[in-house]
Amino acid sequence: MTSQVAADGIERAASEWIERRDFGAWSEADAKELESWLGQSLEHRVAFLRLDFEWKRTERLAALRPLKPPSNEAPAGKWRRTLRIAAAVAILGVVGSLGASYFLTQNGKSYSTPLGGRKVLTFADGSQIELNTNTVIRIAMDEHKRSAVLESGEAYFSIKHDASRPFVVTAANHKVIDLGTKFLMRTSGNKLEVALVEGSAKVEPSDAREARHAVTLKPGDIAYALPGSMSVVRKTPADIGSDLGWRRGVLVFRHATLADAAEEFNRYNAQKIIIADPETARLTFSATLPTHETHTFVRILSKLFNTHSETTTEGIVISR
Amino acid sequence: MIEKPDSGLGTTGPGMAPAVSHVDVWFGREILPLEAALMEFLQHNWRNRADLTDFRQDVYVRVYQAAQKQIPDHPRQFLFTTARNLLIDRVRHEQVIPIEAAADLEALEIAVDTPAPDRTLMARDELRRVQAALDRLPAREREAILLGRVEGLSRREIALRMGIAESAVAQYLSRGIRGLVNTLCNEPPTVRRKP
């Protein structure tokens, strides 16, 4: 039977429960009271579940925290400055004496792939790093240290754990510290995306003052880092698998918008795909296509959505 | 007959947080992410916008009720079939036959198979979406939510910080929660226009 209870009022009550639970002084008696409210009707329960599930999704985004300017040094200001100068002098001393090895690990050896390229690097300890299209990475490995700097692009890391030589990758002002893992990293500009496939890894801002933004990833977690913010979301194994399609030379689209799909193809191919209007860009489809088969993609679109394509000097323009 | 503990969020133990049943988990994972598509469907097939929130609630109750007996194999199909049945019931009940609605109900089978953007698949945009949803909140609600969610302050601390009564903070927070969730679920439908 269709209920006639007004949904708005229930939604309001449910949000008040969540507010009390998360921001008030919550007691066991309150928890009991909530239970009994939830037990009163399914309307209550679904309204609460809906708000609570969505609200919880924003929870891990609490790391939205804006960067605080490094102020608050009014009382201790003078001291801090003195210490900072002392520290700078000390660092100069260290660099002076250890100069050579410091710069060696800073630079390491550089590897890159061209547009549409792919490369697998295998290291003496059995670790592997697989570079995707248009990627630049610097890698330094010696008996004391294993580190890499992902300058741009995307790479899949399969790292043999060694507690005495943790593997640290730096990208977009963040460090990823491997705790024995397989993970995927992608960076462009100041954005960084880290998807953990296996094991565990820690992502933290390079700036120690921002250490509270650090997160430890579990398999399925994806961290998105921007300057001053970090968020973690969870993906299903299937979705993570889709993100790794390029290792097999394919792009896996699951309910992807044409805008996203075009952007993906453009990462691999010199001939760019341009979606003419936002309406078309919002259409969604699912398919698995070889990374280089731009033309197959274009043909499928015309079949699915009756799109037209026109080749210009800019690229292939798709419209409806 | 074995009693299943599905019926109560709090049937297991005296903890501070209500226990979550497998139906709750299923509902959150399979049904709630389809809300934008569901609302679009309801909107498309019902002229009176004022009814939509109640419809959504009724669809959810029906789906949840069915899932307590048995978890449906095809959540998406099940959700839309439930929504369609509800609309048909309502049309009969009101003795009104909106012709365009009837036509669309016929076409539903196709609509179900067309993949709609799934919110879980937009993870890449997650941060941006939450930020956008926050931006759409009225200033005081946003401030309260940011202080609570991002700075981790309690209601009392927020009241001190904002210089207002705790009861006012409670109101900003609960309204903020609703506003945030409804934006994230692609609501309110009144904002989106039908072509």
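So the sequences go chain by chain: B and C.
So in our numbering, spot 118 of the first sequence is number 106, and the numbers just go up one at a time.
So in our numbering, spot 16 of the second sequence is number 739, and the numbers just go up one at a time.
Glycine is no exception: its CB is placed at the ideal position from the N, C-alpha and C atoms.
Since the model is a prediction, treat every value here as computed from it, not as a measurement.
- Counting only runs of at least 4 residues, the region 867 to 912 of chain C fully encloses the following alpha helix (DSSP H) elements, listed from N- to C-terminal order: 878 to 885, 889 to 907.
- Annotation note: the region 186 to 236 of chain B contains the following uninterrupted alpha helix (DSSP H) runs of length 4 or greater, listed N- to C-terminal: 225 to 231.
- In the DSSP annotation of this structure, the continuous segment of the beta strand (DSSP E) that includes K107/B starts and ends at 107 to 110.
- Within 8 Å of the CB of V34/B, the CB atoms of chain C belong to F750, Q780, Y783, V784, Y787, in sequence order along the chain.
- One thing to note: K148/B has its Cβ within 8 Å of the Cβ of G114/B.
- Interface annotation, E192/B: not in contact with chain C, CB-CB separation never under 8 Å.
- Taking 8 Å as the threshold, the shortest C-beta distance from E7/B to chain C falls below it.
- Between A806/C and F750/C, the beta carbon gap of about 15 Å keeps them out of contact (Cβ cut-off 8 Å).
- Within chain B, the residues whose beta carbon sits less than 9 Å from that of L755/C are L37, R38, F41, E42, listed in sequence order.
- With a cut-off of 8 Å on Cβ pairs, the region 228 to 236 of chain B is not in contact with the region 213 to 220 of chain B, counting fewer than three such pairs.
- In the three-state reduction of the DSSP assignment, P266/B falls in the helix class.
- For the set L205/B, S274/B, W43/B, the Cα lying nearest the Cα of T245/B is the one of S274/B.
- R859/C and L109/B have their C-alpha atoms roughly 47 Å apart.
- Nearest CB-CB separation between S890/C and chain B: not below the 8 Å threshold.
- Proximity of chain B to A790/C at the Cβ level (cut-off 7 Å) is not reached, the minimal Cβ distance being about 11 Å.
- The alpha-carbon separation between V220/B and E42/B amounts to approximately 15 Å.
- Taking 8 Å as the cut-off, the Cβ atoms of I881/C and E7/B do not count as close.
- Within the region 104 to 189 of chain B, the complete beta strand (DSSP E) runs of at least 3 residues fall at 107 to 110, 116 to 119, 124 to 129, 134 to 146, 155 to 159, 162 to 176.
- Collapsing the DSSP output to three states places V743/C in coil.
- In the DSSP annotation of this structure, the continuous segment of the alpha helix (DSSP H) that includes I288/B starts and ends at 282 to 293.
- One thing to note: F285/B has its Cβ within 8 Å of the Cβ of L277/B.
- E21/B sits exposed, since fewer than 16 C-beta atoms from the chains shown fall within 10 Å of its C-beta.
- Listed by position along chain C, the residues whose Cβ is nearer than 7 Å to that of E(-1)/B are R901.
- Residues of the same chain with a CB within less than 6 Å of the CB of R898/C, apart from the 5 flanking positions on each side, are E864 in chain order.
- Scanning E4/B, R287/B, Y99/B for the CA closest to the CA of R878/C turns up E4/B.
- Beta-bridge partners of S98/B (DSSP): R126/B.
- Inclusion of E758/C and C908/C in the CB contact set at 8 Å is warranted, their separation being smaller than that value.
- Contact of G886/C with chain B by beta-carbon distance below 9 Å is absent, the smallest such distance being about 17 Å.
- Rounded to the nearest angstrom, the gap between the Cα atoms of R287/B and Q800/C is 29 Å.
- Within a 10 Å sphere around the beta-carbon of N120/B sit 16 or more other beta-carbons, which makes this residue buried.
- Around Y787/C, the same chain offers V746, F750 as residues with beta carbons nearer than 7 Å, after the five sequence neighbours per side are excluded.
- Linking R255/B to D248/B through their CA atoms gives a straight-line distance of about 11 Å.
- Residue-level contact by beta carbon fails for D265/B and chain C, as no gap is shorter than 8 Å.
- Listed in chain order, the non-local C-beta contacts of E181/B below 6 Å within the same chain comprise R174, Y212, local neighbours out to five positions each way being set aside.
- The beta-carbon distance between A35/B and A2/B, rounded to whole angstroms, is 4 Å. This is short enough to meet the 8 Å contact definition.
- Here DSSP, grouped into helix, strand and coil, assigns P756/C to helix.
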